Structure formats: C-alpha cells, structure tokens
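This report concerns only the one structure given below.
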Amino acid sequence: MTYATLEVFRQDASLGIAPHFDIFKVPLDEKDKTTVLEALEYILMNLDSSLGFRRYCCGLQSCNSCLMEIDGKAAPACHTLVEGGRTTRVKPLEGKVARDLIVDK
C-alpha cells in the first residue's frame, strides 16, 4: 500500500491551541488518486476526530468551499491529488482562522 504524508495546519484560539502543524500518514486508494479532501476525511475519521475543515464540497470546483492553501498555492481540496511518498502541506487561506483549516468568511 502507498502512503502520503500531510502536514496540516492546526489552531484553535478559543481552546488556547497555538498555530502549529500536525503530521499525518494517509493510505492512498488503489489507483493513487486520493484528493486532499479525501485525505483530510481519512484523518478525521481514523486519526484525529478534532480536525476542523469544511467538508461540504460540490466536487466540481465551482463552489470553492474546499479552497485552501496546498503546497503554497490556493487550490480546491476536492481536485488536488496527494502523491505517495511525498509530503503535502495544507493551510487555510488568508484570513481570520476560526479553527484549523476553517477561515471566517
């Protein structure tokens, strides 16, 4: 099985959690076509149930609800693939962070 590593931004001022990155190892699907959004959902369901991110997504790159900074560029998490053996850094877009990858709009 192939794995990808995600460095995920974490912060929750209401709980006193200072900005930092957590590192997660995520298994990729059989065809190595796992998106960042699918990887975040895997983390939420299997590794850390406290991870905050917007899970609604149209899957068509038109709603931009899953837009975040991925490896230094704004990109939709629903269409951006993670690569096996590589580290992907995920941060919220610029703005006031409500929690983890959620920005107040």
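According to our numbering, the stretch in the sequence shown is residues 1137 to 1241, in order.
C-beta: ideal position from N, C-alpha, C; glycine also.
The structure displayed is predicted, hence computed values, not measured ones.
In the structure shown, the three-state DSSP call for Glu1174 is helix.
If you draw a straight line from the Cα of Thr1216 to the Cα of Lys1209, it comes to about 11 angstroms. Following the DSSP letters along the chain, one finds Thr1224 inside the beta strand (DSSP E) bounded by residues Thr1223 to Lys1227. Residue pairing by DSSP places Ala1211 opposite Met1204 in a beta bridge. The alpha-carbon of Gly1152 is positioned some 25 angstroms away from that of Cys1202. Beta-bridge pairing by DSSP links Pro1163 to Tyr1139. DSSP lists Val1233 as the bridge partner or partners of Val1239.
Spatial neighbours of Thr1223 in its own chain (CB-CB distance under 7 angstroms, excluding positions within 5 residues in sequence) are listed in chain order as Thr1141 and Glu1143. Scanning its chain for C-beta atoms nearer than 7 angstroms, with the 5 sequence neighbours on each side dropped, one finds around Leu1183 the residues Phe1160, in chain order.
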